[in-house]
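Numbering (my numbering), first residue to last: 66 to 219.
I have placed the structure first, in the form of structure tokens, so that the comments after it can refer back to it.
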């Protein structure tokens with residue numbers, strides 16, 4: 066992503082777009098993966114990422130507009146929002162355990178970002194929004210890990 070997010074609104078835009086792009090890449094990779102089990106997992110993950118992108122979009126529309134204007138430029142001008150580019154991850158050539166590991170790292174980066182910003186937020190409204198985002202991402206990551214693990218049973 067070329068854009069450097071400066072406000073909470075920008076961060077939500079970037080993370081929503083990352084989830085959407087990841088979902089598209091996972092879906093495309095499923096078509097190219099030779100393993101039926103990996104294809105099923107990739108398709109499931111693609112749907113999950115698209116739902117998460119829609120959830121963030123709804124969250125953004127319903128959030129307190131003032132908190133979305135909170136500036137975080139001091140952090141984002143020196144740190145990339147995400148270090149792994151989902152489009153460069155070769156999911157089509159991975160087995161299920163490698164896919165799960167990559168997805169875990171991706172979501173861990175977002176959890177780290179939200180945690181870091183929450184700890185440094187200067188107003189309560191921004192802290193509340195970040196706490197909600199952190200809870201959303203953490204819950205979804207745990208669910209994803211659990212569901213992915215269950216897919217190994219079949």
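Glycine is no exception: its CB is placed at the ideal position from the N, C-alpha and C atoms.
Model, not experiment: these values are computed from the prediction.
Around the CB of residue 156, 16 or more other CB atoms lie within 10 Å, so the residue is classed as buried. Taking 8 Å as the upper bound for CB-CB distance, residue 95 and residue 104 are in contact here, some 5 Å apart. In the DSSP annotation of this structure, the continuous segment of the alpha helix (DSSP H) that includes residue 177 starts and ends at 161-185. CA-CA distance, residue 99 to residue 160, rounds to 9 Å. CA-CA distance, residue 121 to residue 195, rounds to 12 Å. In the DSSP annotation of this structure, the continuous segment of the alpha helix (DSSP H) that includes residue 124 starts and ends at 101-127.
For residue 71, there is no enclosing alpha helix (DSSP H), since its DSSP letter is neither H nor E. Residue 91 sits close to residue 107, with the two beta carbons spaced by under 9 Å.
The C-beta distance from residue 152 to residue 212 rounds to 23 Å, too long to fall under 8 Å, and the pair is not in contact. Taken through DSSP and simplified to helix, strand or coil, residue 150 comes out as coil. Your pair residue 175 and residue 80 checks out as a contact, with CB atoms roughly 6 Å apart and the cut at 8 Å. The alpha-carbon separation between residue 199 and residue 193 amounts to approximately 10 Å.
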